[in-house]
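All remarks here apply to the structure that follows.
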Amino acid sequence: MADFSEKNGIAECVVPWGRWWQTVDEVHIEASLDEPVTTKDLAIVIKNNRISLTVKGKVFFQGELCKVIQADESTWTLEDKKLIRILLAKANPGADNLWSALLANTEDDYAVHPFTLDEMQKKLTLERFQKEHPGMDFSGADITGNYHGGGPQLPQ
Numbered sequence: 002m003a004d005f006s007e008k009n010g011i012a013e014c015v016v017p018w019g020r021w022w023q024t025v026d027e028v029h030i031e032a033s034l035d036e037p038v039t040t041k042d043l044a045i046v047i048k049n050n051r052i053s054l055t056v057k058g059k060v061f062f063q064g065e066l067c068k069v070i071q072a073d074e075s076t077w078t079l080e081d082k083k084l085i086r087i088l089l090a091k092a093n094p095g096a097d098n099l100w101s102a103l104l105a106n107t108e109d110d111y112a113v114h115p116f117t118l119d120e121m122q123k124k125l126t127l128e129r130f131q132k133e134h135p136g137m138d139f140s141g142a143d144i145t146g147n148y149h150g151g152g153p154q155l156p157q
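Using the numbering used here, the letters of the sequence shown map in sequence onto residues 2 to 157.
Below you can see the structure in the form of structure tokens.
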């Protein structure tokens, strides 16, 4: 749901090599490089529960993902030889499936700051409302109250 993210912004988690953020359906990762590379310089492995990014033999990150993804629906691109974009398709999409970290069992480098995590939950809940009510525009909306866990489950 890129349109919603473009209108409403993202709540990103900044990490030493770039940033990551999430939508209801996907986790987006951007790794910024200091020098230009080609795809031959990259080793990117995406599995249902693991990921690794190695550039010219240097490991940027690797480990068990916080939650399970659909590896065959995930992809990566190299843009302008200095930006790697990785898109991970969540195995269990939904506003109630909030990732609190990119990688499990790692130091706090990939964990989301509590304030940012709260903002991510608000964005996911608003995105869920947008999907459920496509005729309404939630791009300028702010949410308060019951938004944790994806917000209230209302009768359709």
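Built from N, CA and C at the ideal position, the CB exists for glycine as well.
Between 45, 83, 51, 98, which has its C-alpha nearest residue 123's C-alpha? Within the sequence shown, residue 123 is the residue found at index 122, counting from 1. Considering only alpha carbons, the answer is 98.
Is the separation between the beta-carbon of residue 21 and that of residue 103 shorter than 8 angstroms? Taking the first residue of the sequence shown as position 1, residue 21 is located at position 20. Taking the first residue of the sequence shown as position 1, residue 103 is located at position 102. Yes, Cβ-Cβ distance for residue 21 and residue 103 is below 8 angstroms.
DSSP three-state label for residue 127, please. If you number the sequence shown from 1, residue 127 lands on position 126. Residue state, collapsed to three classes: helix.
Under the three-state DSSP convention, the category residue 13 falls into: Here the question's residue 13 lines up with position 12 in the sequence shown. DSSP places residue 13 in coil when its eight states are reduced to three.
What do you reckon, are the CB atoms on residue 77 and residue 28 nearer than 8 angstroms? Sequence index remark: in the sequence shown, residue 77 carries index 76 (1-based). Sequence index remark: in the sequence shown, residue 28 carries index 27 (1-based). The answer is no: Cβ separation not under 8 angstroms.
May I have the straight-line CA-CA distance separating residue 49 from residue 58, to the nearest angstrom? Position 48 of the sequence shown, counted from the start, is the residue given in the question as residue 49. Position 57 of the sequence shown, counted from the start, is the residue given in the question as residue 58. Each residue's Cα considered, the two are about 23 angstroms apart.
Is the Cβ-Cβ distance between residue 96 and residue 66 less than 8 angstroms? If you number the sequence shown from 1, residue 96 lands on position 95. If you number the sequence shown from 1, residue 66 lands on position 65. No; because the gap between Cβ atoms is not below 8 angstroms, this pair is not in contact.
Taking the CB atoms as reference points, tell me whether residue 83 and residue 135 lie closer together than 8 angstroms. Working through the sequence shown from its first residue, we reach residue 83 at position 82. Working through the sequence shown from its first residue, we reach residue 135 at position 134. Cβ atoms of residue 83 and residue 135: not closer than 8 angstroms.
Quick check: the Cα distance between residue 5 and residue 42, rounded to an integer number of angstroms? Walking along the sequence shown from the start, residue 5 turns up at place 4. Walking along the sequence shown from the start, residue 42 turns up at place 41. Unreliable placement is indicated for residue 5, whose pLDDT of 44 sits below 50; the coordinate value is still reported in the next sentence. Spanning the two alpha carbons is a distance of roughly 34 angstroms.
Rounded separation between residue 2 and residue 94 - CA only: Your numbering for residue 2 matches position 1 in the sequence shown. Your numbering for residue 94 matches position 93 in the sequence shown. Note that residue 2 has pLDDT 43, beneath the 50 cutoff, so the model's placement of it is unreliable and no number is given.
Could you compute how far the alpha carbon of residue 7 sits from the alpha carbon of residue 24? Along the sequence shown, read from residue 1 onward, the residue named residue 7 stands at position 6. Along the sequence shown, read from residue 1 onward, the residue named residue 24 stands at position 23. Any reading at residue 7 is ruled out, since the residue's pLDDT is 48, under 50, leaving its predicted position unreliable.
Close Cβ partners of residue 61 (< 6 angstroms) along its chain, the five nearest in sequence each way excluded: Numbered from 1 along the sequence shown, position 60 holds the residue referred to as residue 61. Cβ neighbours of residue 61 beyond the five flanking positions: 18, 32, 54.
Inter-residue Cα distance where the pair is residue 64 and residue 52: Numbered from 1 along the sequence shown, position 63 holds the residue referred to as residue 64. Numbered from 1 along the sequence shown, position 51 holds the residue referred to as residue 52. Each residue's Cα considered, the two are about 6 angstroms apart.
Can you tell me whether residue 6 is helix, strand or coil according to DSSP? In the sequence shown, counting from the first residue as 1, residue 6 sits at position 5. Bear in mind that the predicted position of residue 6 carries a pLDDT of just 48, short of 50, making it unreliable; the figure below should be weighed with that in mind. Helix at residue 6.
Compare the beta carbon distance of residue 79 and residue 40 with 8 angstroms and say whether it is the shorter of the two. Position 78 of the sequence shown, counting from 1, holds the residue named residue 79. Position 39 of the sequence shown, counting from 1, holds the residue named residue 40. It is a contact, given that the beta carbons lie within the stated cut-off.
Looking at C-alpha atoms only, which residue of 34, 106, 44, 87 is the closest neighbour of residue 68? What you label residue 68 is simply residue 67 of the sequence shown in a count that begins at 1. With distances taken between Cα atoms, residue 68 lies closest to 106.
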